[in-house]
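Student:
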Amino acid sequence: MIELKNIEKYYANKGVKSYILRHVSTEIKAGEFVSIMGPSGAGKSTLLNILGMLEEPTYGEYQFMGEDITSLNERKRIDLYRNHIGFVFQAYHLIDEMTVAENIEAPLLYKKIGGSERKSRVADVLDRFNMVAKKDLFPNQLSGGQQQLVGIARALVAQPSIILADEPTGNLQSAQALQIMELFKKLNEEEGITIVQVTHSEVNAGYGSRILHLLDGVIKEDLKVNQTV
Amino acid sequence: MFRINFKIALRNLLKNKAFAAINVIGLALGLCSFVLLLLYIQFEKSYDRWDPELEQVYQVREKHHFGSRDNKADWQITNDSRVAALLKKDIPQFKYTTRIKGAHDCSVRTTSAEPVSMSGFRYSDSNFFKVFPYKFLLGDRTTAFSNLNSVVLKEHTALKLFGTSEVLGKDLKILGYVGDKGVVYKVTGVVEDPVCPESVDFGAIVYDGAQNQDPENLGRTSYCEVYVLSEKGIDLGLLNLTIHKSYLNFKKSFPDFDPKVNEKIKDHGLKILPIGEVHANPPFKEGWVDQIKSVGALSLFLLVVSIINFVNLATAKSVQRAKEVGVKKVLGASRKSLTWQFLIEAAFLSFAALFLSIVFVELLLPFFNSHFDLELSLWHNREIFMIGLELLAILVIVTIMAGIYPALVLSSYRPVEVLKGSYTGSFKGSKLRYGLVIVQFVITVTFMICMGIMMQQGHFIHHKNLGFDRGRLINLPLNYNETFAQRLKKIPGVQYVGTTTQVMGNVFNVDEEGKYKQQIIHLNMVTVSMETLAALGVQLKTGRLFSREYQQDTLNSVVLNESAAKLFGGNCIGEQYSKKSWDNKEYRFKIIGVIRDYHNQGFDKTVLPTVYKVTQQGGSASTNNLLVRLNVSDMRLVIKQIEKEWRILYPDNQMTYVSVEDVFKKELKTNDAFIEMIACFSFVSVFISLMGLFALSAFVISGKTKELAIRKVLGASNIQILNLLSRSFLYLVFAANLVGWPLAYIFASQWLSGFAYRVDITAGPFFITAGGSLLIALLTVGSQAGKAAVSNPVKALKYE
Ligand SMILES: Nc1ncnc2c1ncn2[C@@H]1O[C@H](COP(=O)(O)OP(=O)(O)OP(=O)(O)O)[C@@H](O)[C@H]1O
Ligand SMILES: [Mg+2]
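Chains as they are written, first to last, in full-length UniProt numbering: chain Z, 1 to 229; chain S, 1 to 800.
#1: Just checking my contact of residue 230 of chain S with residue 95 of chain S at CB under 8 Å: how many whole Å lie between their CB atoms?
#2: Short of 7 Å in beta carbon distance, which residues of its chain neighbour residue 739 of chain S, apart from the five on each side in sequence? Order them along the chain.
#3: Express the C-alpha separation of residue 32 of chain S and residue 358 of chain S in angstroms, rounding to a whole number.
#4: From the beta carbon of residue 333 of chain S, is the nearest beta carbon of chain Z less than 8 Å away?
#5: So, does the CB of residue 89 of chain Z fall closer than 8 Å to a CB anywhere in chain S?
#6: Does residue 11 of chain Z pass the burial test, meaning 16 or more other C-beta atoms within 10 Å, or should it be called exposed?
#7: Given this structure, state the Cα-to-Cα distance separating residue 304 of chain S from residue 781 of chain S, to the nearest angstrom.
#8: For residue 617 of chain S, which residues in the same chain have their Cβ closer than 6 Å to its Cβ, ignoring the five residues on either side in sequence?
#9: Take every Cβ of the stretch 176 to 184 of chain Z, pair it with every Cβ of the stretch 203 to 217 of chain Z, and state whether three or more of those distances are shorter than 8 Å.
#10: When you compare the stretch 263 to 282 of chain S with the stretch 243 to 253 of chain S, are there three or more beta-carbon pairs, one atom per stretch, that lie closer than 8 Å?
#11: Using the rule of at least 16 other Cβ atoms within 10 Å of the residue's Cβ for burial, across every protein chain shown, is residue 209 of chain Z buried or exposed?
#12: With a threshold of 7 Å on Cβ separation, who are the neighbours of residue 425 of chain S within its own chain once the five nearest residues in sequence on each side are excluded?
#13: Which whole-angstrom value describes the C-beta separation of residue 318 of chain S and residue 406 of chain S, a residue pair presumed to lie in contact below a C-beta threshold of 8 Å?
#14: Beta carbon of residue 139 of chain Z, beta carbon of residue 147 of chain Z: below 8 Å?
#15: Measuring straight from C-alpha to C-alpha, what distance separates residue 820 of chain S and residue 447 of chain S?
#16: Please look up how many angstroms separate the CB atoms of residue 495 of chain S and residue 630 of chain S, rounded, as I've assumed it's under 8 Å.
#17: Excluding sequence positions up to five away, which residues of its chain have a Cβ less than 8 Å from the Cβ of residue 621 of chain S?
#18: Report the three-state DSSP secondary structure of residue 525 of chain S (helix, strand or coil).
#19: Check residue 618 of chain S in the structure and name its three-state DSSP category.
#20: Name, in chain order, the residues that DSSP records as bridge partners for residue 75 of chain S.
#21: Using a Cβ cut-off of 8 Å (strictly closer), state whether residue 49 of chain Z contacts chain S.
#22: Measuring alpha carbon to alpha carbon, tell me which of S:399, S:211, S:81, S:273 ends up nearest residue 239 of chain S.
#23: What ranges does the beta strand (DSSP E) occupy inside the stretch 116 to 150 of chain S, keeping only unbroken runs of at least 3 residues that lie completely in it?
#24: Assuming residue 380 of chain S is part of the alpha helix (DSSP H), what are its boundary residues?
#25: What is the C-beta distance between residue 313 of chain S and residue 25 of chain S, in whole angstroms, given that I count them as a contact (C-beta under 8 Å)?
#26: With a 10 Å radius around its C-beta and 16 neighbouring C-beta atoms as the bar for buried, classify residue 768 of chain S as buried or exposed.
#27: For a test of the three-state rule: what should DSSP assign to residue 788 of chain S, helix, strand or coil?
#28: Could you give the DSSP three-state label for residue 758 of chain S: helix, strand or coil?
#29: Measuring only the C-alpha atoms, how far is residue 159 of chain S from residue 174 of chain S?
#30: For residue 492 of chain S, which of S:636, S:417, S:350 has the nearest alpha-carbon?
#31: Tell me which residues of the stretch 111 to 133 of chain Z have at least one Cβ-Cβ distance to chain S shorter than 8 Å, keeping chain order.
#32: Spell out whether any CB of chain Z is found under 8 Å from the CB atom of residue 426 of chain S.
#33: With burial defined as no fewer than 16 other Cβ atoms inside 10 Å of the residue's Cβ, what is the status of residue 736 of chain S: buried or exposed?
#34: Which residues does DSSP list as the beta-bridge partners of residue 42 of chain S?
#35: Counting only runs that start and end within the stretch 86 to 135 of chain Z, where is the beta strand (DSSP E) found for 3 or more residues in a row?
#36: Please look up how many angstroms separate the CB atoms of residue 122 of chain S and residue 91 of chain S, rounded, as I've assumed it's under 8 Å.
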């Protein structure tokens, strides 16, 4: 699904290049659940943003579902957002002026899905996340964990092929964090959704199938996880 | 999609109610003043457009001295009546010419009723309705004036006199002046009141045959207005050359026509003016186009201030929407849809403002109309469609200006930066925003200073010593009649009775060329009666006023005003000067007294060097001013007594009078109205700018909550924080003052130069404005900053 070849990223500051990512090459297959780990400042978020096409690499080749991303136009990228990629953020990033239901519905609007189907899909997701009672609340009326659930629900409702999550549990208590991880795992196993997450926690990483260890912009380790949980 | 965006917009507005209100109200105020301006311009432009045939109608303008305000020649509306026949004879393209006398008040009696005082009855020759295409409701356009002593009424006049417009064939007795025996006229037509205002305004056209002829004696002139109906497709410029030539030829036959002897005749002339341009080109003063320029500029400035405000607030607020945009983008929103979203939101807001401004206009119009003596209306306006279109255009411009920044900047923003949270902090485009605030304040400061100077000038002319006593002085529209004057003087409370050709509200200037020690001296000549100067309460400087004790006072004694005395070298009591009359006889006059200059026509022109005479040997006092000086405080009783005497002498006329005090107020009214308008503009402008500053500072500060909290935790004091927040805004206001001062100076001196009597520009208004604007700005920003400064930092930090 994803193929990175020799990805480099640097910022030039007063003529001095400071590298964030160096020679990053890897492949992520459909159905994998990958966790990116590493110390702060290692370039994890940068890598994830590149995967999500929010940032461009300075150098290297990136293929997403067989398409070369570096030569992709705006239109195509929006299409990918609409149909294949779901984002989950550490700070949730729900739209404050929209209710829970409206937040979840938003991506479907951009996919131009008909009204009745939108309703039923939103109802479905609300039901699955046990949030029917909260559907008319605004984000600031929810707890952090609940907000993140809405964030994930929003990412899922458009039925993406891949979910990119940057420290999705970074702001949450461990109990809530585990709930989210269980959810990810279920989605990955039952619906075959590819998941790439950045995390600092070994426990969280343990839910996935593979761990990429990043250090100073270089992939130091690429481990398979023993499914022991 | 539209629905959810609409909902978001609405929720955003509700969340920032104060912002939204300030935004919308500010723009609405600006639009309101602009709509009023549009209505006003539209009204002025609508003069004489009530029939397409009017395009062939022209007003004749003769350039001459007679009756001019400052004794200088001007293209006057009143002409020598002879030009009508002249033009008909010399210009083959002219189908008809008509002469019409100016409107004056007269008394009208229908068979039964009491006499009614009517204005707008005008005497014309038989061609009037051949030239003007009035629509006859009753009667016939071509035959209305076939017989002498016919009158054609406008419908409103018929209604006023008879209560019905079915008045064909009825009789009217018209008394042209007080004391007139009156003539009976037959109503031969009723014409429709045109929907547009007219330059040739009348209530009735009276035809008595007198206007068909010109005076036979070339030394005498009948002055009247002349209009022509021309063929289509004339070349106005070329024709006016021909007209001018034929006029000069014609003038050669006159006894006083010798450019060597009569200097003044050199700049006389004749031309025609399309009737549609008459209203914009009045003689002696600027037309409305020039008058409106300043007000127009002002209301445009106000509109600019309010648009700036709107754009500023909209863009400032849009930063708060950065996250929404970022998130929407990663959910797959296209740039186009985001751009539209913001544009539609701006359109929605500006539409709300437009709606509100129309409410304002509707509320203001009655007041505006009565205050400025206008008849503007929005919904009954014939040009409502055009006005709507113009407003729509403004709306589109405002929308684009307010919406394009957030629409383009935000929608082009890279989501990763927004989502990282770096966007709010960077506060992009703040330079532009600060720039706009400066512009806003420059305009406001300029307004405030100008208003200050204008108010000083207003105060000055209101309280200026006029040189005569305007209180307890009334003016009756009568010629002097010795028996009537004596009877009035018997009424207790009446001190003096006199007549004059020159009193505030009714001035008739006559230029007199005198010779003093071989020098030609031009004086403005005023004819008075014995007691007039005493009645006016003028201030004597040297010598004496007229008195019955001196026989020669009715012959060759004159009183000068100070300006005239200067021409005679100051101390000139007892001096004599000579004057030649039109038939070349020489008269000598002796100066018996000098009075202080007194004002009789506003303050825009200097008081003319004037000579006052009781004698008939150089003029007459038949200008319908009978001044009565009262010496009791309760004028009503005395006026009742005067009315009794009036009834005895003039039973066919209602008594009318004006108090000179009221005339003075009326004289100042246009000026006062202008100052009030400026004051209005200034307050609205200050209000909008402050609202803008308030909202902007609130916004900036809310974006800095976290920074402030951290500074406080690090040990910054409240004062330091207040200082930090207010300083940049105060710099802005200060800079605006620096720019505004010279501008205000230029505008104010420009305006003041229109007055012959004016105040000096002092530093006062400048410093008060600077101090005031800084203080208000400090309070505005301070109230926001204060809140931020004293708030508990923990809250802010926790919130993140
Ligand atoms: N716009 C930028 N300009 C210069 N350097 C940048 C920029 N953005 C990020 N960096 C640098 O890139 C490096 C990697 O940042 P990144 O956010 O990817 O780290 P991270 O691994 O996600 O760290 P953390 O675990 O703290 O989130 C950091 O050293 C950071 O200073
Ligand atoms: Mg990170």
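The beta-carbon is built from N, C-alpha and C at its ideal position, and this holds for glycine as well. These numbers were taken from a predicted model, which means no experiment stands behind them.
Tutor: So, from the listed chains and residues:
#1: 7 Å between Cβ atoms; contact.
#2: Here the set comprises 442.
#3: Rounded to whole angstroms, residue 358 of chain S to residue 32 of chain S spans 7 Å at the Cα level.
#4: Look at residue 333 of chain S: its C-beta is under 8 Å from a C-beta on chain Z.
#5: Residue 89 of chain Z counts as touching chain S.
#6: Residue environment: residue 11 of chain Z is assigned as exposed (fewer than 16 neighbouring CB atoms within 10 Å of its CB, all protein chains considered).
#7: Rounded to whole angstroms, residue 304 of chain S to residue 781 of chain S spans 23 Å at the Cα level.
#8: For residue 617 of chain S, the predicted structure reports a pLDDT of 44, less than 50, and the residue's modelled location is therefore unreliable. The matter cannot be settled from this model.
#9: In this structure the stretch 176 to 184 of chain Z touches the stretch 203 to 217 of chain Z; the number of beta carbon pairs closer than 8 Å is three or more.
#10: Judged by Cβ distances under 8 Å, the stretch 263 to 282 of chain S makes contact with the stretch 243 to 253 of chain S, as three or more pairs qualify.
#11: Per the 10 Å Cβ criterion, buried.
#12: For residue 425 of chain S, the predicted model reports a pLDDT of 44, less than 50, meaning its position is unreliable and no value from the coordinates is stated.
#13: 3 Å between Cβ atoms; contact.
#14: Their beta carbons are under 8 Å apart, which means residue 139 of chain Z touches residue 147 of chain Z by this criterion.
#15: Residue 820 of chain S is absent from the model: chain S starts at 1 and stops at 800.
#16: The pair is a contact, with the Cβ atoms about 7 Å apart (cut-off 8 Å).
#17: Because residue 621 of chain S carries a pLDDT of 48, less than 50, the predicted location of this residue cannot be relied on, and no value is offered for it.
#18: In the structure shown, the three-state DSSP call for residue 525 of chain S is strand.
#19: Note that residue 618 of chain S scores 41 on pLDDT, short of 50, meaning its location in the model is unreliable and no value can be drawn from it.
#20: Looking at the DSSP output, residue 75 of chain S bridges to S:63.
#21: Residue 49 of chain Z belongs to the set of residues whose beta carbon lies under 8 Å from a beta carbon in chain S.
#22: The option with the nearest alpha carbon to residue 239 of chain S is S:273.
#23: Counting whole runs of 3 or more residues, the stretch 116 to 150 of chain S contains the beta strand (DSSP E) stretches 116 to 123, 136 to 139.
#24: From DSSP, residue 380 of chain S is part of no alpha helix (DSSP H); its letter is neither H nor E.
#25: In fact, because the Cβ distance is near 11 Å, the residues do not count as touching under 8 Å.
#26: The residue in question, residue 768 of chain S, is exposed, as its Cβ has fewer than 16 Cβ neighbours within 10 Å.
#27: Helix.
#28: DSSP places residue 758 of chain S in coil when its eight states are reduced to three.
#29: C-alpha separation (whole angstroms): 17 Å.
#30: When S:636, S:417, S:350 are compared, the shortest CA-CA separation from residue 492 of chain S is found for S:636.
#31: Residues of the stretch 111 to 133 of chain Z that bring their beta carbon within less than 8 Å of a beta carbon in chain S comprise 111, in sequence order.
#32: The predicted position of residue 426 of chain S is uncertain, since its pLDDT is 45 and thus under 50; no value can be drawn from it.
#33: That one is buried.
#34: Beta-bridge analysis with DSSP links residue 42 of chain S to no other residue.
#35: As for any beta strand (DSSP E) of minimum length 3 sitting wholly inside the stretch 86 to 135 of chain Z, there is none.
#36: No, residue 122 of chain S and residue 91 of chain S are not in contact; Cβ-Cβ is about 24 Å, not under 8 Å.
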